[in-house]
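Numbering-wise, this note's numbering puts 259 at position 200 of the sequence shown, and it's gapless, one number per residue. Glycine included, each C-beta is placed from N, C-alpha and C at the ideal position. Just so we're clear, the structure is a prediction, and the values are computed from it rather than from any experiment. Below is one structure, written out as structure tokens, with a few remarks after it.
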Amino acid sequence: MKTAVLLINLGTPDSPATGDVRKYLREFLMDPYVIDIPYWKRFLLVQLIIAPFRAPKSAALYKEIWTPEGSPLAIHTANLAKKLQRVLGTSYDVQWAMRYQHPSIAETLHQWKLLAEAEELIVVPLYPQPASSTTTSTLEEVQRLLKNLDLSIRVKEVRSFYQDERYLDAVAATAGSFRLDEYDHFLFSFHGLPQRHILKDDPNGYCQLNNQCCATINDRNKGCYRAACFHTARETAGRLGIPQESYTVTFQSRLGRDPWVQPYTDEVLAQLAEKGVKNILAFSPAFVADCLETLYEIGTEYNELFRSHGGESVTLVPSLNDRDDWVRALSGLIAPSATLVN
């Protein structure tokens, strides 16, 4: 019997048209794990304020990164699944889905003919660092849908992989085509979260939301998103020989007025430029595939901001996308003892 493997990425609009972007924003932001306020407040905020007003602006940005083949995020995820299928071989059946929009998890599960005959389903949310708004939301949606399908199948969940040595090696290798000595400073920019999400995900009250708390990974903070991000940056910098004083960990893409995990990427870039830093090499290890947040937010928006404060350039290191070393790392997470196809 085959083993089924489901890769799940966050999501993307079907097109950069305003209507499709609005649909995506509504589905994404109505998730109670993403905006964790009472339903009626979330409904009014998303349906009447955020989606109508943000969709046209976001659509314009999506048009900047859209390719003739479609969404970069969807293209890279599809290619990753194809390559992973070849490496894992015929004992596995690999499919992919998006948490929001298409192909949805529901569509993929319903159309997956082999699933009813598979011995095991391995679910891999493609988020290296765990968070309730990504990992938990995705896995609970899979569990809900499987229950509705009434499938008696063993399910294995890969809840995070930021500590996996092969993943970290692959992240470091993305910098292979850059001359590190040409840069004054290095930035590790992760997607931000509201601070309350971090605290809610820590029922034992250990989290202190500071660099001392996140300086090491232990049993009490290994599920903390911020600590996981700092670990990823430390390990990547160590592999590249970047000293601690030469890099900064930051968080981007905040929304609304509530405090988010700090430090903020835009503020740090302005401060670095004003201190005389001229050239920055930026990593975005929370994203395993290039998307709006990497290609536009870092590659264009933050580059312009940095220049406006006196800097010269922010150079974006590509995400893992469908690199062969990332495919091999992923295959090791899924089938650590299997004989892989070269």
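C-beta neighbour in chain B for residue i, strict 8 Å
{"i": "SER150", "result": "No chain B appears in this structure, which consists of one protein chain only."}
Top-ranked residue by Cα proximity to residue i, from the options
{"i": "THR194", "options": "LEU204, VAL182 and PHE112", "result": "VAL182"}
{"i": "GLU199", "options": "HIS161, LEU314, TRP99 and PRO184", "result": "PRO184"}
{"i": "ALA345", "options": "ALA332, SER236, TYR159 and LEU252", "result": "LEU252"}
{"i": "GLU356", "options": "SER312, ARG285 and ILE301", "result": "SER312"}
{"i": "TYR221", "options": "GLY282, ASP383 and TYR242", "result": "GLY282"}
{"i": "GLN321", "options": "CYS273, TRP155 and ILE212", "result": "CYS273"}
{"i": "THR197", "options": "ASN270, GLY78 and ALA165", "result": "ALA165"}
{"i": "THR77", "options": "ALA110, ASP95, TYR98 and ALA175", "result": "ALA110"}
{"i": "ASN338", "options": "ASP152, LEU246 and GLU371", "result": "GLU371"}
{"i": "PHE342", "options": "LEU379, LYS334 and PRO318", "result": "LEU379"}
{"i": "GLU360", "options": "ASP349, VAL373, ALA348 and GLY369", "result": "VAL373"}
{"i": "CYS288", "options": "LEU299, ASP325 and HIS250", "result": "HIS250"}
{"i": "LYS259", "options": "ALA177, ALA231, ALA190 and ASN270", "result": "ALA190"}
{"i": "ASP90", "options": "VAL80, ASP79, ARG81 and VAL105", "result": "VAL105"}
{"i": "LEU299", "options": "ASP79, GLU178, PHE247 and ASN68", "result": "PHE247"}
{"i": "ASP240", "options": "PRO302, ARG145, PRO97 and PHE112", "result": "PRO302"}
{"i": "ARG81", "options": "ASN280, ALA118 and ALA63", "result": "ALA118"}
{"i": "ARG238", "options": "VAL201, ALA229, LEU340 and LYS116", "result": "LEU340"}
{"i": "TRP319", "options": "ASN68, VAL93 and ILE67", "result": "VAL93"}
{"i": "ALA232", "options": "LEU351, VAL376, ASP79 and LEU180", "result": "VAL376"}
{"i": "ARG213", "options": "VAL230, GLN271, ARG203 and ALA177", "result": "ALA177"}
{"i": "LEU147", "options": "ILE67, LYS334, LYS61 and ASP79", "result": "LYS61"}
For residue i, three-class secondary structure by DSSP
{"i": "ASP325", "result": "helix"}
{"i": "ASN138", "result": "helix"}
{"i": "ASP95", "result": "coil"}
{"i": "LYS259", "result": "helix"}
{"i": "PHE289", "result": "helix"}
{"i": "GLY70", "result": "strand"}
{"i": "ILE181", "result": "strand"}
{"i": "LEU65", "result": "strand"}
{"i": "ALA274", "result": "coil"}
{"i": "LYS82", "result": "helix"}
{"i": "ARG298", "result": "helix"}
First through last residue of the alpha helix (DSSP H) which encompasses residue i
{"i": "LEU227", "result": "224-232"}
{"i": "THR197", "result": "196-208"}
{"i": "ASN362", "result": "362-367"}
{"i": "ASP243", "result": "Note, ASP243: premise wrong, no alpha helix (DSSP H); not H, not E."}
{"i": "ASP383", "result": "383-393"}
Residue interval of the beta strand (DSSP E) (run including residue i)
{"i": "ARG316", "result": "It is not in any beta strand (DSSP E) - ARG316 carries neither H nor E in the DSSP assignment."}
{"i": "ILE339", "result": "338-342"}
{"i": "ALA165", "result": "Segment 164-170 is the alpha helix (DSSP H) holding ALA165; no beta strand (DSSP E) there."}
{"i": "GLN154", "result": "151-159"}
{"i": "THR374", "result": "372-375"}
Original post:
Contact between the segment 260-275 and the segment 328-339: three or more CB pairs below 8 Å?
Top reply: The segment 260-275 and the segment 328-339 do not touch, with fewer than 3 CB-CB distances between them shorter than 8 Å.
**OP:** Decide if the segment 62-80 is in contact with the segment 145-161; the criterion is three or more beta carbon pairs, one per stretch, under 8 Å apart.
**Re:** Verdict: yes, contact present.
**OP:** Jot down the residue ranges of each uninterrupted alpha helix (DSSP H) in the segment 84-133, minimum 4 residues, whole runs only, in chain order.
**Re:** Complete alpha helix (DSSP H) runs here, min 4: 98-102 and 110-124.
**OP:** Examine the Cβ distances between the segment 119-139 and the segment 381-392 and report whether three or more of them are shorter than 8 Å.
**Re:** Taking one beta carbon from each stretch, the segment 119-139 and the segment 381-392 have 3 or more pairs nearer than 8 Å; the two touch.
Original post:
Can at least three beta-carbon pairs, one atom from the segment 81-91 and one from the segment 166-177, be found at a separation below 8 Å?
Top reply: With a cut-off of 8 Å, the segment 166-177 and the segment 81-91 do not count as touching, because too few Cβ pairs lie within range.
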